[in-house]
Amino acid sequence: MRKKEGMMNKVEMLDFLNSNPVCHLATIDGDQLRVRGMLIYHADENGILFHTGSFKDLYKQMQQNPNAELCFSSADSSKQVRVSGEAGFIEDQNLKEEIVNKRSFLKPWVEEQGYDMLKVFRVTNCTSTIRTMETNFEPKKYVHL
Numbered sequence: 494m495r496k497k498e499g500m501m502n503k504v505e506m507l508d509f510l511n512s513n514p515v516c517h518l519a520t521i522d523g524d525q526l527r528v529r530g531m532l533i534y535h536a537d538e539n540g541i542l543f544h545t546g547s548f549k550d551l552y553k554q555m556q557q558n559p560n561a562e563l564c565f566s567s568a569d570s571s572k573q574v575r576v577s578g579e580a581g582f583i584e585d586q587n588l589k590e591e592i593v594n595k596r597s598f599l600k601p602w603v604e605e606q607g608y609d610m611l612k613v614f615r616v617t618n619c620t621s622t623i624r625t626m627e628t629n630f631e632p633k634k635y636v637h638l
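Here this note's numbering runs 493 ahead of the position in the sequence shown, where the first position is 1.
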């Protein structure tokens, strides 16, 4: 039996997120929604890793309300994956160094400001759903990541 277009299991969802790391992240600021473009670091069965600066509004919003939703799109815009979960702060110096070594645009900033300014979050308790043009009007199906 052929798999229906627009259906993904957990492994396929995680692969999609890592293959399409640019997303939009929605947070809550008081009683207002805030959305910004983001570049996740990695997604796996432990959650979705992203980073920001301690001086950013995003960091303050995550401290006040850890609920977040991320929206990923395929390069050709044929698929959209939405993931909701709870973001938790991670204090792991080795992980921070790994991120900076892989993301050279962070090096000058960290050299000037130090690693304490780099804040890493992991979104956990993730629930995801995929939408395509073909499945846009069908009931949502959720996959726990």
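Glycine included, each C-beta is placed from N, C-alpha and C at the ideal position. Since the structure is predicted, the reported quantities are computational estimates derived from the model, not experimental observations.
Cα-Cα separation, residue i to residue j
{"i": "Arg575", "j": "Lys553", "result": "23 angstroms"}
{"i": "Arg495", "j": "Asn539", "result": "Because the pLDDT of Arg495 is 40, which lies under 50, any placement of that residue in the model is unreliable, and the question is left without a value."}
{"i": "His535", "j": "Asp585", "result": "15 angstroms"}
{"i": "Asn587", "j": "Pro632", "result": "42 angstroms"}
{"i": "Ile533", "j": "Phe543", "result": "5 angstroms"}
{"i": "Asp609", "j": "Val603", "result": "9 angstroms"}
{"i": "Gln573", "j": "Ile623", "result": "6 angstroms"}
{"i": "Met555", "j": "Glu605", "result": "24 angstroms"}
{"i": "Tyr635", "j": "Gly523", "result": "28 angstroms"}
{"i": "Asn558", "j": "Thr628", "result": "32 angstroms"}
{"i": "Val504", "j": "Gln525", "result": "33 angstroms"}
{"i": "Ser621", "j": "Val528", "result": "18 angstroms"}
Residue i, enclosing beta strand (DSSP E) - first and last residue
{"i": "Asp522", "result": "Val515 to Asp522"}
Residue i classed as buried or exposed, judged by whether at least 16 other C-beta atoms fall within 10 angstroms
{"i": "Glu590", "result": "exposed"}
{"i": "Phe630", "result": "exposed"}
{"i": "Leu507", "result": "buried"}
{"i": "Ala568", "result": "exposed"}
Option nearest residue i by Cα separation, candidates the options
{"i": "Asn618", "options": "Ala561, Asp569, Gly523 and Ile592", "result": "Ala561"}
{"i": "Ile521", "options": "Arg596, Gly578, Pro601 and Glu505", "result": "Gly578"}
{"i": "Pro514", "options": "Met531, Ser547 and Val504", "result": "Met531"}
{"i": "His637", "options": "Ile541, Lys549 and Lys612", "result": "Ile541"}
{"i": "Ala519", "options": "Leu599, Ala580 and Phe598", "result": "Ala580"}
Under 8 angstroms between C-beta atoms of residue i and residue j
{"i": "Leu563", "j": "Val616", "result": "yes"}
{"i": "Phe614", "j": "Phe582", "result": "yes"}
{"i": "Ser571", "j": "Met501", "result": "no"}
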